[in-house]
Structures are given as C-alpha cells and as structure tokens.
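Q: Before I ask anything, let me first share the structure, which is written out below as structure tokens.
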Amino acid sequence: MIKFYPFITLLLFISQIASAQTKGLNSLTFGNEKFLYKKITADIAFQDNFINTPYSLWTPDRYAHNKLVATEMEAYRQQATLMLPSTGIEYDVKYYRLELRINPDTSAGKYIRGKATTYFTTAQANFSVINFDFATPLVYDSVYYHGAKLAAGYISRPTDLLKITIPTIASVGTLDSVSVYYKGVPPVVPYFGNGTGYVKAKHNSTQNYVYTLSEPYSSYTWWPCKSFIANDKADSLDLIVSTPTGFKVAGNGTLVSETTVGANLITYWKERYPIAAYQVCTAVANYVQYPVVADTVNIGGTRMPVYNYLFPETNTTASHTSLDRVKLMLTTFSSLFGDYPFKNEKYGNYTFGFGGGMEHNTFSGESASGVYNQAQYWDILAHELGHQWFGGNVTCGSWHEIWINESFATFTESICAEFAPSVSAAAGYTGVSWRGVHKASAISTANQAQSIYVSDTSNMATIFTPAVYVYERGAMVIYMLRTLLGDTKFFQAIKNYQADPLLQYGNAVTADVKRHMEAVSGLNLTTFFNQWIYNKGFAQYNAAKWNNAGKQIILQLPQTTNSSALPHFDMPVAIRIQGSTGDTTIVVYDNNGIIYYDNDGVLTSTGSSMVQYNLSFVPTTITFDAFNQVLANGSFTKDAGLTILAATVINFTGKKEGDNAKLWWDIDKGFNYASFEIEKSTDAVFFETIGTIGAKDFPNKKDFSFTDNNILPGTAYYRIKVIQNEGSVIYTKIISISGTKDNGRYTITPNPANDYILIKGTGVSEKADIKIYDATGKLIKNLLKQSISNNSSLKVFVTELSVGNYFVEIQSGINGRHTKQIVIIK
0 MIKFYPFITL
10 LLFISQIASA
20 QTKGLNSLTF
30 GNEKFLYKKI
40 TADIAFQDNF
50 INTPYSLWTP
60 DRYAHNKLVA
70 TEMEAYRQQA
80 TLMLPSTGIE
90 YDVKYYRLEL
100 RINPDTSAGK
110 YIRGKATTYF
120 TTAQANFSVI
130 NFDFATPLVY
140 DSVYYHGAKL
150 AAGYISRPTD
160 LLKITIPTIA
170 SVGTLDSVSV
180 YYKGVPPVVP
190 YFGNGTGYVK
200 AKHNSTQNYV
210 YTLSEPYSSY
220 TWWPCKSFIA
230 NDKADSLDLI
240 VSTPTGFKVA
250 GNGTLVSETT
260 VGANLITYWK
270 ERYPIAAYQV
280 CTAVANYVQY
290 PVVADTVNIG
300 GTRMPVYNYL
310 FPETNTTASH
320 TSLDRVKLML
330 TTFSSLFGDY
340 PFKNEKYGNY
350 TFGFGGGMEH
360 NTFSGESASG
370 VYNQAQYWDI
380 LAHELGHQWF
390 GGNVTCGSWH
400 EIWINESFAT
410 FTESICAEFA
420 PSVSAAAGYT
430 GVSWRGVHKA
440 SAISTANQAQ
450 SIYVSDTSNM
460 ATIFTPAVYV
470 YERGAMVIYM
480 LRTLLGDTKF
490 FQAIKNYQAD
500 PLLQYGNAVT
510 ADVKRHMEAV
520 SGLNLTTFFN
530 QWIYNKGFAQ
540 YNAAKWNNAG
550 KQIILQLPQT
560 TNSSALPHFD
570 MPVAIRIQGS
580 TGDTTIVVYD
590 NNGIIYYDND
600 GVLTSTGSSM
610 VQYNLSFVPT
620 TITFDAFNQV
630 LANGSFTKDA
640 GLTILAATVI
650 NFTGKKEGDN
660 AKLWWDIDKG
670 FNYASFEIEK
680 STDAVFFETI
690 GTIGAKDFPN
700 KKDFSFTDNN
710 ILPGTAYYRI
720 KVIQNEGSVI
730 YTKIISISGT
740 KDNGRYTITP
750 NPANDYILIK
760 GTGVSEKADI
770 KIYDATGKLI
780 KNLLKQSISN
790 NSSLKVFVTE
800 LSVGNYFVEI
810 QSGINGRHTK
820 QIVIIK
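Residue numbers (numbering that gives the first Met the number 0): 0 to 825.
Shown next, in the form of structure tokens:
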C-alpha cells in the first residue's frame, strides 16, 4: 500500500516553523492545511511518523540494491571520457523543496532565482560534508543549516559542485537538512539543439516562455541537487514558483494553490510520490488549461483528474481530439500493467519546446511543433504515458540500462494501438503495423553497431544517440518476451514487476526484469538476456524449409546471424500457416539450434532444427513472422525432400503399478522409424533417457510398453522421443505419475549433505538395502544388508556424488520400501 505525506508539506519550511516556535505555537497553518510539529534540534522539525514511513526508510534489500547501483555509477564515472560531477553515495535524499522566481520576460536572459531545501539521511559514518551538483554559472547567495546562515568558510565551489561542510558530524541514518539560496543564468546543455536543461524560448513568434528538461544529467543546471545518479529518489517534492501574472506554471504532482500577490502569481505544486531529480520539472508560459474544468478517469476506483496546459495557438479542436484519447490510454495501460502509478494526483500534458516529449512524473512535456495541431497525433502521447509506469514508477537504476525506461515506453506504443485501436486508427496504424515500424528500424543493417546496454554514459548524446538501440531494438526484445511467454504470463510478469516492493517507486536493473519474467514463466532466460541485451545484431532464417503430407506439416529452421560476435541467438520464432480452410500461427523456441515447442504449457525439445505438427487443415502458405513479433528476417521454401515422420504417436498413457511406473503408447503406422527413447524428468523441463526400444526388434509393431522400476517419490514426468530413420524427431505429450510417499519411519541428516548422510530408523531395528538414485532414476550407489535402528545412525559417504538432487531408497523385509529425497552440495 502506498503511504503519502499530506502533512509534511510545510513542516520543512524552516523559516515558518521557526517563527511559529518563537510565538510559542505547536502548529502551523498554510492554506487549508494544518501541521503539527515538535522541536528536535535547532529549527529542524518533523512528524514522528515521517521517518517511519515506507519511503523515508528504505527496506534493507532496496537500500543495498540502490547503493550497489550508485557505486557502479560512481566507478564508471571515474573512467568516463567526460568527467562528470561526483556526488551522492554519502547521503540519501528524502525531500526537495524548491521555491523559485521565474520571469520569462526578464531582460537578464533565462534567469532563475530560488531557494532549494533538501532533507536527507546520512549513509556514511562521520558524515561532515554534503555535495550537491550545481552548475558553476549559478551563484549561491547563502546556505542555511539548522536555521543559521553558514559562514563562507563552510562552503566551497569546485567545478559544477556545491560543497557544504556540516558543523555537526553526524552518524549513519541521521535525518538532516540544508537550504541553499541561489541565482543566475543556467548554462546551455549542448545536446539536441540546446533544447534541454533550463531553456528560454519563444512561441507564436513573440511570446517568451521557460521550460525544463533534465534527463539524464541536467537538473544541476538549474537547481542544487543530486543530479547524476537516477536511483536516489526523493520521497516527496514541493515546488513553489513565483512568476508575473499572465503566466501559468506547470509542475509535478497536485496543484495546491495559485495565489495572486500584487503583480505576481504564486503557484504551489506538491508531489507525494518518490521522484528522481531528472523527473522534476517546471514550465512557465501563457498557458490555457484544457479542459477548463478537468476531466476525470476511474483508475482502480479512484477518480483522478486529467487536464493539459496548452499554448493559446495550440488550443485547437485537432489537439483536443488527440488529447481526449489519453483517458482511454490511461485505462488501457492500467488494465495491462497495473493501476496508473500516480493515481492520487493527476495526469496531463503540457506544451514545451523540445522536439518530442518528456515523461515528467504526472505531467508530460510535449512538443508544440507538429504535436498538438494534429488530430491523428497519438504515438508520443502513448510513449510518455507509458513512461509513467516504465521510468516514473520503476526507474532505471543506471543510465547504462536506460532500456528499462525507453524500450518499455516504446513497447507501450504498439500496445496502445493493439488494445485501444481507436487511438491510432486515424493515423492508419494497428498494433501489428506499428510493431512493423519498430522492427524495420531495429533490423536495418545500418542500425547494428551497438547493444541495447549502453556502455558509454558520459553524456546525453552517448546515451540517446543513436536512439534506435534503446528504443526500437529494445522494444523488439520485449515483443519477443511477450511472444515467448504468451499474453497471460507476460502481462502478469509486468504487473508483478510494477508492484514489486523492492522496485515500486524505486529503481530496477536488467536482472530485475529477467527475474520477473522467469518467475512467471518457469523458464531460464539467462542466455536470452545475455545475448539480446548485451550484444548487437539479429537473427536470419532465410533458409527455412517446409513440407507437408496432407494435414501434417514439418518445418526446418536453420538460423544464421549478421553478428560476428554471436553465431546464434536464442529466440522465439513465430510462423503463420495458412490453407484454404484454416489459418494459425505457431510459436517455437530456437535454443542454440534445437527447436522447442509448447507441449501443454511446457517447452519440449524436438532434438533438432525441425518441428512437426498435425494441423486441422491442409497448409498451402507459410509466412515467417507475419505479425512482426521477433527480431529476425526469414522466409520459407517448400522442399519435397523434407520427409514427414511416418510414425505418429496417437496415444500415450501411464500409471503407477505397485512400486513401478508402467507406460503404454501406440502408433498409427509401423514403418520408417528407427527407435523410441523413453525419457524421464523430475521437473518436466530437463529430461534424460532411461530406456530405448529399437525398430528392428519389433518390426511392424504398433503398440508398445515400458516399465520404470525406479519410480521416485513426488512426481515423475515421462515422454517418448520418436526417432525417424533419417534422424527427424518428434515427441509425445508429457505425462506425470506420482511416486511413493514417505511415512516418516526413517530420517536422513544432514540434508543438504556434503560428505555423508546419517540414516536413522524410528522404532525399528533391522537390516535394509540402501540404494541411491540420481534425479533421472539411475542407480548410483547400492549397499546391501545395512543395520538401521533408532539407537544408532547408519553413516553413508556421498563424497563421490556431484551437486544435485538424489533419492535414497531404504528397503527391508519388515517395513517394505521407503524413499527420501536429498540434496548434495559442495
């Protein structure tokens, strides 16, 4: 459950608290809110419950996770070509309060004046210095600590830093604060046409306005903060901006008040969700609000306001048509990813000067050029809204892994077109065709120079240029995960990822995405992630073949790559099969050249690059990736020499008989096969052969059986591997048989074991045979006539066993056979 801090807002406004205390008051009223406080030291005050809230004290796991990422960022920064300011790992930000004066019409250029108050907890012992990233052209007037102005000797200004010595040395976990008064002209950020950072521009040719866009590193160009580490989010933010009347101020969170004081407008925004410094935003322009009275949308039972700030010239019917679709996007994404993460505040879009969009939490900036004046405009609106989940709620823990933000947001564009088709219909796109746009870009030969993982994060250009890798290429990898898992499991994994208490309103790395995809699917995706995230290139299936015999079809899928680093990519392959009476799409998984297919929810190996299906219609056309689901090119050629497997298993059953498992299967033709291999597994994933029946031994036979004399406790899984004379392979379905149950008559310790195990009986004194089997049922150790009693333990050495699961069978003439599972570790 999310916990907010509606009563902390102005407790942190030290000057007002100090004044209240001077008057002997124990409360403070601002607007319609009343705040209780108590004296701590000097003029630092806070509510007792503030430091006990979920976002004020990180859980140990989250704290360690974020510190790890911060350390990694710091280590990389020392090696970067461009040395970035170094701040941050010595403290955790809890709260920012920005009180700014912004006048777009000032003759002093893009001037800013303000006060920045930061509440933080110390993360290192003997804490005595706090560093803020702070652009050199900005000048600090004064620094206040515990209500007192610090002498100049406590403050120094290394390049693009503000270094403040704290008079009182603090221990780890101390909550403290400092306020910086500053002013100046923010520097130009020299990327993307100087359109980021703190920007003064004109719209409608003559009207001045100011906006900010701080991703990834530019927050420090307009306020002192922790700018270069994305994974230290403030628990909350207050943004109070003074500007001349006639202007309107955009900001994060909830609009508390707009108060006219003489010729000035004081606008107060409060954000009560955790927020990274780069997501903090403001914009000052002669905005008009659309709708004038905010619309609302129901998000999980919460009626949330939705509205937009537009330049007057963009307040058109065409822009209204586009913006009105955002409500449908909100409910669509909420149903697929989990509730909109900031539903207790708002969502909207405001106009700014960057040539695209920016996903500031709760209020996305959108380009005035070619955006609001088009009724068919939709994709960037969907992208920036998608970022509220992927980037706003769960933020990349390192700029190396910016794909966690951008690839997912790009992915949400096609999701919007697919699940809310009316949104993109006016522009002529469907989910499939928009995926095709992404695939064409990602698979272009010109776009294969680097990986999704960004090695060089030294500046904005190296992170985002070329954008294709963390946008389209990354989105295609996410499409492949969806294709592999299927919609039910994939979207459940996404919801789990968004709601994970270690990630929600925090940060994630690639391993976190992988962990959630594996948890829901049961698959081992290590190779998939290693290949697709950290390598470049794509797969090709240009030599794929197919053939059929009536309604039976066989497909052969040899893969090549355009990557010199990887001869093969593990990946799902989507194949559309059409005939005059049918149309179906199958998905197989190519694992190092071995094709796996879905067998009742379990990926089952074919043992080769071929797979065979029984269809309900006669196939005539085979299309590779007809719906743009995978990052590969391919085409099929019909090959009459590709032989359909003649032996088709039409029935496969089994049951437990006494202490054994009995298996039966039938085939509909008794020729053209070489053998049957009986395979067994304890997890329905990894199978090993436990027996083979050769064709030459049973000519023309159509029904077969096999007895497994080593059935184990728990559940055993079986399948038959049917091998054709020329080497083609098909598999039966997987069946399960429950083994013997332990009655608790014997105990085995230690478990897990390393060197030996001790077997002890309960109420028994007998001679018993001890047998140890591996996980497939293979006999590994056989000890006859061993003495077991409840007075002494039988010691059995297991040093020769490798790491894994084993089964110990104890059989005596008195108590029958009993089996226990053990684990061997080293």
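Note that CB positions come from ideal geometry on N, CA and C, so glycine has one too.
Since Tyr289 contacts Asn314 with CB under 8 Å, what's their CB separation in whole angstroms?
A: Tyr289 to Asn314, Cβ: 6 Å. Contact.
Q: Check His817 in the structure and name its three-state DSSP category.
A: Three-state result, His817: strand.
Q: Between Val305, Leu149, Asn297 and Ala282, which lies nearest to Val291 when the distance is taken from Cα to Cα?
A: Among Val305, Leu149, Asn297 and Ala282, the Cα nearest to that of Val291 belongs to Val305.
Q: DSSP three-state label for Gly152, please.
A: Helix.
Q: With 16 as the cutoff for other CB atoms within 10 Å, does Leu161 come out buried or exposed?
A: By the 10 Å Cβ count, Leu161 comes out buried.
Q: What is the rounded straight-line gap between the Cα of Asn613 and the Cα of Lys655?
A: Answer to the nearest angstrom: the Cα atoms are 30 Å apart.
Q: So, does the stretch 196–212 touch the stretch 149–157, judging by three or more C-beta pairs under 8 Å?
A: Taking 8 Å as the limit for Cβ pairs, the verdict is that the stretch 149–157 does not touch the stretch 196–212.
Q: Give the single residue among Val393, Ser106, Ile168 and His386 whose Cα lies nearest to the Cα of Asn125.
A: When only C-alpha atoms are compared, the closest one is Ile168.
Q: If I measure Cβ to Cβ from Thr688 and keep anything under 6 Å in the same chain, skipping five residues before and after, which residues do I get?
A: If we look at Thr688 and ignore the five residues flanking it on each side, its Cβ neighbours are Glu676 and Glu678.
Q: DSSP on Ile809, reduced to helix/strand/coil?
A: In the structure shown, Ile809 sits in a strand (DSSP, three-state: E or B).
Q: In whole angstroms, what is the alpha-carbon distance linking Ala408 and Ser241?
A: Approximately 33 Å, taken between the alpha carbons.
Q: Would you call Gln123 buried or exposed, if buried means 16 or more other Cβ atoms sit within 10 Å of its Cβ?
A: With fewer than 16 other Cβ atoms within 10 Å, it is exposed.
Q: Return the chain-ordered list of same chain residues with a C-beta closer than 6 Å to the C-beta of Ser735, the five sequence neighbours on each side being excluded.
A: If we look at Ser735 and ignore the five residues flanking it on each side, its Cβ neighbours are Thr714 and Tyr716.
Q: Is Ala543 buried or exposed, if buried means 16 or more other CB atoms sit within 10 Å of its CB?
A: Classification of Ala543: buried, given that the 10 Å Cβ count is 16 or more.
Q: My output table needs one value for Cys280: the three-state DSSP class, helix, strand or coil.
A: Note: Cys280 maps to coil in three-state DSSP.
Q: Determine the direct distance from the alpha carbon of Ala510 to that of Asn529, and round the result to whole angstroms.
A: Approximately 10 Å between the Cα atoms of the pair.
Q: Going by C-alpha distance, which of Tyr339, Glu270 and Cys280 is nearest Thr301?
A: The option with the nearest alpha carbon to Thr301 is Tyr339.
Q: Is the distance from the Cβ of Met570 to the Cβ of Tyr216 below 8 Å?
A: No, they are not a contact pair.
Q: Which full runs of the alpha helix (DSSP H) of 4+ residues lie inside the stretch 391–465, going along the chain?
A: Segments of the alpha helix (DSSP H) lying fully in the stretch 391–465: 402–418, 420–424, 430–442 and 459–463.
Q: From His817 to Asp589, what does the alpha carbon distance come to, in whole angstroms?
A: Cα-Cα distance, rounded: 41 Å.
Q: Quick one: give me the first and last residue of the alpha helix (DSSP H) that Phe527 is part of.
A: Thr525 to Tyr533 is the extent of the alpha helix (DSSP H) around Phe527.
Q: Go ahead and pull the three-state DSSP assignment for Asp638.
A: The answer is coil: DSSP assigns Asp638 none of H, G, I, E or B.
Q: My understanding is that Tyr94 touches Asp234, with C-beta atoms under 8 Å, so please give their C-beta distance in whole angstroms.
A: That belief holds up - the Cβ atoms of Tyr94 and Asp234 are roughly 6 Å apart, short of 8 Å.
Q: With distances taken from CA atoms, which of Ala275, Cys280, Lys247 and Ala276 is nearest Ile265?
A: That would be Lys247, whose Cα lies nearest to the Cα of Ile265.
Q: For Gly815, I'd like the list of residues in its chain whose CB is within less than 7 Å of its CB, leaving aside the five on either flank, ordered along the chain.
A: No residues qualify anywhere along the chain.
Q: So, with DSSP's three-state summary, where would you put Ala510?
A: Of the three classes helix, strand and coil, the one that applies to Ala510 here is helix, per DSSP.
Q: I need the DSSP call for Lys22, collapsed to helix, strand or coil.
A: In this predicted model, Lys22 has a pLDDT of only 33, less than 50, meaning its place in the structure is not dependable; the value taken from the coordinates is given anyway. DSSP places Lys22 in coil when its eight states are reduced to three.
Q: Taking all protein chains shown into account, do 16 or more other C-beta atoms lie within 10 angstroms of the C-beta of Glu257, making it buried, or fewer, making it exposed?
A: Exposed: under 16 other Cβ atoms inside 10 Å.
Q: Compute the Euclidean distance between the alpha carbons of Phe685 and Val822, then round it to the nearest angstrom.
A: Phe685 and Val822: Cα-Cα distance of roughly 17 Å.
Q: For Leu329, which residues of its own chain have a beta-carbon under 6 Å away from its beta-carbon, when the five flanking residues on both sides are left out?
A: For Leu329, where only same-chain residues beyond five positions count, the Cβ hits under 6 Å are Val296 and Tyr339.
Q: Within 8 Å (strictly less), CB to CB, does Ala538 reach chain B?
A: In the structure shown, chain B does not exist; there is a single protein chain.
Q: Determine the DSSP secondary structure at Lys326, reduced to helix, strand or coil.
A: Helix.
Q: Please confirm whether Asp773 and Tyr730 have their CB atoms less than 8 Å apart.
A: In this structure, Tyr730 does not lie closer than 8 Å to Asp773 by Cβ.
Q: Taking the beta carbon of Pro166 as the centre, do at least 16 other beta carbons fall within 10 Å, making it buried, or is it exposed?
A: Under this definition Pro166 is an exposed residue.
Q: According to DSSP, is Phe351 part of a helix, a strand, or is it coil?
A: Strand at Phe351.
Q: Whole angstroms is fine: what's the gap from Thr681's alpha carbon to Gly600's?
A: Using only the alpha carbons, I get a separation of about 16 Å.
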